[in-house]
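Trainee: I'd like to ask you about the structure that follows.
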Amino acid sequence: MARTRAQDYDAKRDAILHRAAELFARHGYSGTSITMIAEACGMSKALLYHYYSDKEALLFDILSAHLQELIAAVEKAAAKADAAADERLFAIAAALLDEYRDADAEHQVQIANLKLLPDAKQEQLRAMERKLVGIFSDAIAAAVPSIGGGPLLKPLTMSLFGMLNWHYLWFRPGKGLGREDYARLVTTLIAAGAESAGAALAAPSASAPARRAGGA
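For reference, each letter of the sequence shown is one residue, going 4 to 219 in our numbering.
Set out below in structure tokens:
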């Protein structure tokens, strides 16, 4: 019986986190009350307090659980991926997009509300974000050897995250590219375009204004 109760507790806690994330995304953190969360979960405030003492604890667990799930999915995909470096990059991007499925609220809360937590809790979450970014940086460095660990690695990594993280704003299931095809598109853009972009940046700028003959 104890095991059954524990499983039920975890399931209810996960449901609370998801409902709270939806409310935070819709109304904002400051615009969401414990009463609203309890009502959305179909429980009393007293029962909700059995799980979470305040909104701060809820916000931290929403983000911690979300980031843990992203890291686990990406690490699993990296371990199972084909030996080819470009396929590994595609696999982890596809895994990230798949993990974002049905997690739009958590994703929005991460972007907008992480900074509202106390510094110590922010640092715990940012360490998880750095771990996730590091997995992608390593995959890009392997997929584009000419870039390696050089100065273009960070902008390339963050550009890839930009394409993946804002995907939810325009993506509509059943219309246009699916998640997997989009992951293939953006990772190909990164892998195929990085080398030529690096060469273009290394060359003298063609866009620099020509000096006038008079030296003005």
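Idealized CB from N, CA, C, for every residue including glycine.
All figures in this text were calculated on a predicted structure; none of them were measured in a lab.
Using the Cα positions of tyrosine 54 and arginine 16, report the straight-line distance between them to the nearest angstrom.
Mentor: Counting from one through the sequence shown, the residue named residue 54 turns up at place 51. Counting from one through the sequence shown, the residue named residue 16 turns up at place 13. Computed Cα separation, rounded: 7 Å.
Trainee: Between alanine 144 and chain D, is the shortest Cβ-Cβ distance under 8 Å, so that the two count as touching?
Mentor: Here chain D cannot be found, since the structure has a single protein chain.
Trainee: Could you name the residues of the same chain whose beta carbon sits closer than 6 Å to that of alanine 94, not counting the 5 residues immediately before and after it, in chain order?
Mentor: Taking the first residue of the sequence shown as position 1, residue 94 is located at position 91. Contacts found: Ala80 and Ala84.
Trainee: Once the 5 residues before and after leucine 70 are set aside, which same chain residues still bring their CB inside 8 Å of it?
Mentor: Taking the first residue of the sequence shown as position 1, residue 70 is located at position 67. Excluding positions up to five away in sequence, the list reads Gln113, Leu128, Met131, Glu132 and Leu135.
Trainee: May I ask which residues mark the beginning and end of the alpha helix (DSSP H) holding aspartate 101?
Mentor: Your numbering for residue 101 matches position 98 in the sequence shown. Per DSSP, aspartate 101 belongs to the alpha helix (DSSP H) from 88-103.
Trainee: Across which residues does DSSP place arginine 175 in a beta bridge pair?
Mentor: Taking the sequence shown and counting its residues from 1, one reaches residue 175 at position 172. Arginine 175 pairs with Lys178.
Trainee: With glutamate 102 and leucine 73 assumed to form a contact (beta carbons below 8 Å), what rounded beta-carbon distance in angstroms separates them?
Mentor: For this step, residue 102 is matched to residue 99 along the sequence shown. For this step, residue 73 is matched to residue 70 along the sequence shown. Correct: roughly 5 Å between the Cβ atoms.
Trainee: Expressed to the nearest angstrom, what Euclidean distance is found between the alpha-carbon atoms of lysine 48 and methionine 39?
Mentor: Here residue 48 refers to the residue found at position 45 of the sequence shown. Here residue 39 refers to the residue found at position 36 of the sequence shown. If I take the Cα positions, the gap works out to 9 Å.
Trainee: Cα separation between serine 149 and glutamate 198?
Mentor: As a working mapping, residue 149 is identified with position 146 in the sequence shown. As a working mapping, residue 198 is identified with position 195 in the sequence shown. Going from the Cα of serine 149 to the Cα of glutamate 198 covers about 6 Å.
Trainee: In whole angstroms, what is the alpha-carbon distance linking alanine 145 and phenylalanine 139?
Mentor: Looking up residue 145 in the sequence shown gives position 142. Looking up residue 139 in the sequence shown gives position 136. So the two alpha carbons sit approximately 10 Å from each other.
Trainee: Are the stretch 153-171 and the stretch 51-68 touching, with three or more C-beta to C-beta distances below 8 Å?
Mentor: The stretch 153-171 is not in contact with the stretch 51-68.
Trainee: Assign aspartate 85 to one of three DSSP states: helix, strand, or coil.
Mentor: Taking the sequence shown and counting its residues from 1, one reaches residue 85 at position 82. In this structure, aspartate 85 counts as coil in the three-state DSSP scheme.
Trainee: The alpha helix (DSSP H) with alanine 206 in it runs from where to where?
Mentor: For the purposes of this step, residue 206 is taken as residue 203 along the sequence shown, with counting starting at 1. Per DSSP, alanine 206 belongs to no alpha helix (DSSP H) and is neither H nor E.
Trainee: How many angstroms separate the CA atom of alanine 206 from the CA atom of alanine 200?
Mentor: Reading the sequence shown from its first residue, position 203 is the one you call residue 206. Reading the sequence shown from its first residue, position 197 is the one you call residue 200. Rounded to whole angstroms, alanine 206 to alanine 200 spans 10 Å at the Cα level.
Trainee: Need the endpoints of the alpha helix (DSSP H) that serine 140 sits in, please.
Mentor: On the sequence shown, residue 140 is found 137 positions in, with the first residue counted as 1. From DSSP, the alpha helix (DSSP H) with serine 140 extends over 122-146.
Trainee: Put serine 1 into one of helix, strand or coil per three-state DSSP.
Mentor: In this structure the chain extends from 4 to 219, so residue 1 is not present and cannot be described.
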